[in-house]
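Everything on this sheet refers to the single structure shown next.
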Amino acid sequence: MHARFVRSAAVAIAVTGTLTWAPAASAQPSEPPPSASAAPTETPAPDAGSVEITTKDTAGDALPGAAFLLLDSAGEEAGRGTTDAQGKLTFADLAPGVYRLKETASGSPLHEVVADQDVIVTPGATTRLTVTDPFKAAKVLLQAKDDKTGKLLTGATVNIGTGTSTLLTLTTGAKGTASGELPVTSRKTQFWVREIKAPAGYDLYKPTKTFTAGPGAPVTVTVTNAKTATDPKPDPSDKPTDKPTNAPSAPGKPSSGTGRATPSAPGTGTPDTDSSSTAAVTPAGDSTQKAPTGSLAHTGADATPWLIGGAGALIAAGGGALFAARRRRADNSTDDGSTTS
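If you use this note's numbering, the sequence shown corresponds to residues 1169 to 1509, in order.
Following this line, the structure appears as C-alpha cells:
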C-alpha cells in the first residue's frame, strides 16, 4: 500500500506540473572498475661473449686432442670440449663474468697439462687464450765408476745442464748411483754433465760429457774416476847410516879393504919385508886390525877429506918405518963385517 501511494504521488506531480520534491537518482555500478596500473619494464639481456683456446707445446707445435672444462663463478659446468687438428677450441654464448678453465688431458703421452686459470668473459667479445703444455721431464740415472774395475763409487757430485744453465745437481749415494728429473724443451734435448767433486781417494773427472734425452724417457749417465796416485812410503831400513858402505880406497891400500898394504919404499926396488917392518904396521900379537891413530869415524860423503889425510899419514908412517928398518939392516951388516975381519 505504501508503494502504491508513492507512485500516485509521483503521477500527481507530473500531471499538475508542480514540482514539490523529487529524489535525486544516482547510478550505482554493479562492480567497481579495476584500477589502472603501470606495465613492468623488461631489462634487455646483456650480449653474450665467448672464449677461444689455442693449445701448443714449448716447441711451438699445435696439440690436437687436448681436453678442457669450463666452470662458471658458482662452480657449475659451463662447457667442455677438445681441441681440433689445429689445437683450437671455442666456448660460445657465455654470459659475461669470470670463469675457471681446467685442462683435463693434454692429448699427448709426451706432454703435461697446465695448472687451472681464470678467464674473464666480456659482453659481445671473444677472449682468446693460448695454452702451452710443457714436455714431460726426462728421468736421469747417474753412475760413478772406478775406471779400472768398474766398481760403483760413493760421493761423486755432478752438475747437469744445458747451454749456460745448470738444471740439476746429483751426488751418488751408498750404491754409487743417484737419480733425478730434467726439464726438456723439445723431443730431443742435449745436456752436459760435469763432475765437481770426486769420490774419496779418486781424481776429479775433468772432461765435460754430453748426452741427449727425450720427454719422459729414461737415460743413464756414467762418469769414471781414476784412483789418486800416492808416493810410496820410505822403508825404515833405507835410512842413511853413519858409516858409508862404499868408502873410497886410499892410495896404497887394497880395494877389498880387508887389511893394510905395505907401501913400497922409494928407490929402485922393493925390499923384502921382515918381522921388524911388519911389527911397525901391525902390532905383534894383535889378530884384529885397528884403525890408525888419529883417523876419524866415517860420516858419509863429508869424511872423504879426512880419509885422504889419514891415508897420507899412513903412507908417511910406513915409509918412515921402512927407512928405519933398512938403516938397521945396514948397520947390522957393517957390524958383522968388522967383526969378521
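For each residue, glycine too, the CB sits at the ideal point set by N, CA and C.
Beta-carbon proximity of residue i to residue j, cut-off 9 Å
i	j	result
Ser-1218	Val-1289	yes
Ala-1230	Gly-1255	yes
Pro-1264	Phe-1303	no
Gly-1329	Leu-1338	no
Thr-1223	Thr-1251	yes
Ala-1324	Pro-1386	no
Glu-1271	Ala-1242	no
Pro-1291	Asp-1240	no
Gly-1331	Ser-1276	no
Asp-1301	Asp-1225	yes
Residues near residue i by beta carbon distance below 7 Å, same chain, minus five either side
i	result
Tyr-1370	Leu-1321, Asn-1393, Ala-1394, Lys-1395, Thr-1396
Residue environment, residue i, which counts as buried when at least 16 other CB atoms sit within 10 Å
i	result
Gly-1486	buried
Ala-1246	buried
Ala-1206	Caution is warranted here: a pLDDT of 43 is assigned to Ala-1206, below 50, making its placement in the model unreliable, and no coordinate value can be reported.
Pro-1383	buried
Ala-1484	exposed
Opposing strand residues paired with residue i [DSSP bridges]
i	result
Leu-1125	The question about residue 1125 has no answer here: the residues shown for the chain are numbered 1169 through 1509.
Asp-1225	Asp-1301
Ser-1333	Thr-1330
Thr-1273	According to the sequence as given, residue 1273 is Ala; it is not Thr. Looking at the DSSP assignment, Ala-1273 forms a beta bridge with Ala-1235.
Lys-1256	Thr-1222
Lys-1313	Leu-1320, Thr-1392
Tyr-1370	Lys-1395
Glu-1244	Paired residues: none, contrary to the question.
Val-1266	Ile-1288
Gly-1217	Leu-1262
Gly-1249	Phe-1236
Lys-1377	Val-1361
Leu-1338	Val-1326
Pro-1134	Absent from the structure is residue 1134, since the part of the chain shown begins at 1169 and ends at 1509.
Ala-1230	Lys-1224
Arg-1296	Glu-1220
Same chain only: Cβ atoms within 8 Å of residue i, ignoring 5 sequence neighbours per side
i	result
Lys-1313	Lys-1319, Leu-1320, Leu-1321, Gly-1344, Thr-1390, Val-1391, Thr-1392, Asn-1393
Asp-1286	Val-1266, Tyr-1267, Arg-1268, Leu-1269
Pro-1367	Ala-1312, Leu-1321, Thr-1322, Gly-1323, Ala-1324, Thr-1340, Asn-1393
Asp-1261	Ala-1216, Ser-1218
Lys-1365	Gly-1323, Ala-1324, Thr-1325, Thr-1339, Leu-1372
Rounded C-alpha distance that separates residue i from residue j
i	j	result
Lys-1377	Tyr-1267	49 Å
Ala-1492	Gly-1480	18 Å
Val-1299	Ala-1342	43 Å
Ala-1346	Val-1326	10 Å
Tyr-1373	Arg-1362	8 Å
Glu-1280	Leu-1310	24 Å
Glu-1244	Glu-1349	37 Å
Ala-1253	Leu-1238	20 Å
Thr-1388	Ala-1273	29 Å
Ser-1333	Trp-1360	10 Å
Arg-1494	Gly-1488	10 Å
Pro-1375	Thr-1398	22 Å
Asp-1284	Leu-1278	20 Å
Val-1282	Thr-1317	47 Å
Other residues of its chain near residue i: CB distance less than 6 Å, five sequence neighbours each side excluded
i	result
Ala-1465	In this predicted model, Ala-1465 has a pLDDT of only 49, less than 50, meaning its place in the structure is not dependable; the value taken from the coordinates is given anyway. Taken in chain order, the list of residues that qualify is empty.
Thr-1380	Lys-1356, Gln-1358
Ala-1227	Ser-1354
Glu-1220	Thr-1258, Thr-1294, Arg-1296
Lys-1458	Because Lys-1458 carries a pLDDT of 47, less than 50, the predicted location of this residue cannot be relied on, and the following value inherits that uncertainty. None.
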